[in-house]
Each structure stands twice: as C-alpha cells, then as structure tokens.
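Visitor:
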Amino acid sequence: MSLTPGLRFSRSAQYVLLSNVAVPYPARLPYANLRRRLNSSSRPRAQRPRGSPRTVLRRASTASETKPAHGPPAVSVPFDPKSPGSLSTPRDPIPPESTLNPPATTRPPPLDLPARGPDVSQFSYLFRLGKAYMQFYKAGVKAIFTNRRLLRSVAPPSGTASAGGALPTRAEVLLRARTRHDVSRLPVFGVLLLVCGEFTPLVVIAFPRLTPMTCRIPKQVEALRRSAAARREASFRRLAHLRAARGEKAAGAADGKLVAGHIARSLGLTSGWWDKAGLDSPFASSVADGAVAFLAQDDALIRSGGGVGGIEDAEVMLACEDRGMDVREKEVGELRKRLEKWVRETESSSEEDSKDKVKRLLLNHELLV
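Read in our numbering, the sequence shown has -11 at position 3, and its numbers run on one by one without any break.
#1: Entirely within the segment 121 to 181 and at least 4 residues each: give me those alpha helix (DSSP H) ranges in chain order.
#2: How many angstroms separate the CA atom of L137 from the CA atom of F131?
#3: Cα separation between P187 and K323?
#4: Report all residues from its chain with a CB closer than 6 Å to the CB of A32; omit the five preceding and five following residues, and keep chain order.
#5: Classify E315 as helix, strand or coil using the three-state DSSP reduction.
#6: Between S334 and R289, what straight-line distance do the alpha-carbon atoms span, to the nearest angstrom?
#7: Compare the Cα-Cα distances from Q283 to each of N133, F109 and A157 and report the closest residue.
#8: Helix or strand or just coil, what does DSSP make of R324?
#9: Using 8 Å as the Cβ pair cut-off and three pairs as the minimum, do the segment 83 to 94 and the segment 110 to 120 touch?
#10: Spatial neighbours of A129 within its chain, please: CB distance less than 6 Å, with the 5 preceding and 5 following residues excluded, ordered by chain position.
#11: From S340 to V190, what distance separates their C-alpha atoms?
#12: Mind checking P268: buried by the 16 CB within 10 Å criterion, or exposed?
#13: Touching or not, the segment 221 to 230 and the segment 243 to 253, by the rule of three or more beta carbon pairs under 8 Å?
#14: At what residues does the alpha helix (DSSP H) containing C201 begin and finish?
#15: For A216, which of helix, strand or coil comes out of DSSP?
#16: Could you spell out where the alpha helix (DSSP H) holding G276 opens and where it closes?
#17: In its own chain, which residues sit with a C-beta less than 6 Å from the C-beta of L210, not counting the 5 before and 5 after it?
#18: Measure the alpha-carbon distance for K327 versus V207 and round it to whole angstroms.
#19: Rounded to whole angstroms, what is the Cα-Cα separation between F122 and R212?
#20: Once DSSP output is grouped into helix, strand and coil, what is the label at S340?
#21: Which of the three DSSP states is assigned to E333 in this structure?
#22: Under 7 Å Cβ to Cβ from L228, same chain only, skipping five residues before and after it: list those, please.
#23: Count the other CB atoms, across all protein chains shown, that sit within 10 Å of the CB of E301; report buried if there are 16 or more and exposed otherwise.
#24: Assuming contact is defined by CB atoms lying nearer than 8 Å, are V355 and V329 in contact in what I supplied?
#25: Is S110 close to chain B? Criterion is C-beta to C-beta, closer than 8 Å.
#26: With a cut-off of 8 Å on the beta carbons, I'd call V204 and L97 a contact; round off their distance for me.
#27: To the nearest angstrom, report how far apart D342 and L287 are at their CA atoms.
#28: Work out the CA separation of V140 and G57 for me, nearest whole Å.
#29: State the CB to CB distance for the pair A270 and G247, rounded to an integer number of angstroms; the pair is presumed to be in contact (CB under 8 Å).
#30: For C306, which residues of its own chain have a beta-carbon under 8 Å away from its beta-carbon, when the five flanking residues on both sides are left out?
#31: What does the Cβ neighbour count give for L348, buried or exposed, with the cut at 16 atoms within 10 Å?
#32: Mind checking L99: buried by the 16 CB within 10 Å criterion, or exposed?
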C-alpha cells in the first residue's frame, strides 16, 4: 500500500526519535550500520550461554550485584562526570598515592564557563552561562551518589574492622567524611536547585555552607576562604587580648576553654553569630577535641602512607585548609612544605602527646598565616 508524503514523513520522524533514545551517538551516523556488519562478519560469533533465557537474565542481573572485596581506593584520576566511578583495587605493592588521596569525585568538578564574543547577544550568552552552571551542578550531584556507592564497596561500616583487621587508609577516611558532609546537605541544596534553577549561583553565595563540597563554584570557595581567614585573624587578636588581660604569656592546658574557643573559631567549627555576641559556643570544647583528634589521626595516616610527597596538589590545599592555614595566593610548593613541617612536628609515640602538639600548632600564628 502506498503511503502519502505526510504519513511517510511522520513514520520517518518517529523512527528517528525512537532510535535516538536507545542508540548511542556514534551509531546514528550513516556509516555506523555498515561498519557494524563488517566487524561482525570479520570476527567469530560468540556462543550463547547455556540455559533458558530466564537463567541467562538471572545470571546477568546477579553479576552486577556482586560487591568487590574490601581494599583501598585506587589512584584518583581527573574528574569525569560520565564515568561510573568504580574503584579498582591495585595489585601489591600498593602505591602511596592510592592510600593517601581520596577519589577525585569528592572534589568539585571543573567548571567551564563560555566566553562571550563580540557578535554574541546578551540573551544567548546568559542562556549558555546558565546551561554551563546546570551541567556543573548536575555533575556535582551525580558525584555524591557515586561517592556513596564507592563508600559501600570500598570502606567497611563505621566501627568495624576491615579485611585482615587492617586500619582504614587516609583515602577511605576522607571519602567517608566528605560523603557524609555532602549527603547531609543534599536535601536542602536539591530543593534550592529545583526552585532557583539557573539562578542558583546567585543564591548560594549568600548561603555558602549549605552547598555540598562537590557543588561549590570557584567564587563560592574563594568567599569561604576569605571569611575563614578574617575570622581566624579576629580570633588570634581576641586570644592575644585575653592573654594580655590575664597576664599569661601563652594559653596552655590550664585554660582549656580559651584554647578550645580559639580552635573552634579558627577552624570554622561553630557559627559566626557567637563571635558577634562575644561568646564561645557551648559546644566549642567538644567540637575542638573532635577536630584535634581528626587532625592527629590524619597526620598519622599521612606518615604511614608514605608522607606528604604522595599527596596530590589539590589534596595538599585541602589538607592545609583543614589545619587552619591560609591558602590564598600561595604556591602549592610552599603549602606542601608547611604541611610537611606540620606532619613532622606532630609525630609522637603517644596519641595524647600528638594531640597536644596539634593544639600547639593551631595556636601558632606564623604557621597558619
């Protein structure tokens, strides 16, 4: 039966739309089918697995559910939002980078903003700019779910020992900490992203701490670093004033509340509203002790993993930020030297002695500025 031109066009359009859904982009090219026929005819045909179709489907479905054995994350690679994010356990001997650096999906993906040319209209440029931000946020949210899958497959649950009773590596500890940080902020940020859409970058500047780490734009990161440096300087001035008022040369262990309040402020562990009120948070002591214990553990993991030389440049900056150092307008080499000095000075045979050394370094203004 002959078809009218209208029906012929509608059937061809329907075929194109349906084929675009399931077929990848290279297969839609005109010569893709010819190349597939040539390749299939030139190589031997694989045998079909034995069993009924249900058995074959059951095997394929259960194969994807098998979880890999516990092991340290592999060497982190540049962020690729299209990658599944699976980690492969390297063969022995394990390189130091695989145990020191968490996956690249725990950091923000690269943000590629379009450049406005002289012949590009304002509307077209803003449209492309909003599209670039939406792609960035989409990749960041996808990275959070990727990190959750990595955490279930790589690191054991909290409070349990890993395979062979080995202690967790630095990569596993940071993967768990950053994933918890991002997952706790994902519901609020998801609502904000759905409501604001392309205008989200204008809103998150006012609420920088509500954004997951994988979704922070460069301007937001700079704003957080600038406010942290200003708050840290104010905390050091307040500490010096209290020392002078009390006639103390140093804030030692005899005045634990004074030290805990300074650590909580300099590391950004409490809200800035307490600083405006001139008071310390009632939870300053507990959060400061937790941060000191975390830094002492991180220093020990760095030493056991091979030293600062095996840490990536991006992770060196984040490690210095965790220790209250100002990383603005500083080269990575200088920050690496400061981190090496920190890790070397906190080394001790006793855990409590290592924590005391961390507290003394957090009171060292010259090292942190």
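Cβ coordinates follow ideal geometry from the N, Cα and C atoms, glycine included.
Guide: Let me spell this out:
#1: none
#2: 10 Å
#3: 34 Å
#4: Reliability fails at A32, whose pLDDT of 46 lies under 50, so the model's placement of it is uncertain and no value is given.
#5: coil
#6: 11 Å
#7: A157
#8: helix
#9: no
#10: T91 and T200
#11: 38 Å
#12: exposed
#13: yes
#14: Neither: C201 is in no alpha helix (DSSP H) and is coded neither H nor E.
#15: helix
#16: A270 to S290
#17: P194
#18: 25 Å
#19: 23 Å
#20: helix
#21: coil
#22: L244
#23: buried
#24: no
#25: This model lacks chain B altogether, as it is built from one protein chain only.
#26: Strictly speaking, residue 204 in this sequence is Pro, with Val absent from that position. Correct: roughly 6 Å between the Cβ atoms.
#27: 17 Å
#28: Unreliable positioning characterises G57 in this predicted model, as indicated by a pLDDT of 45, which lies under 50. A coordinate reading is not provided.
#29: 5 Å
#30: V313, L321, R324 and L325
#31: buried
#32: exposed
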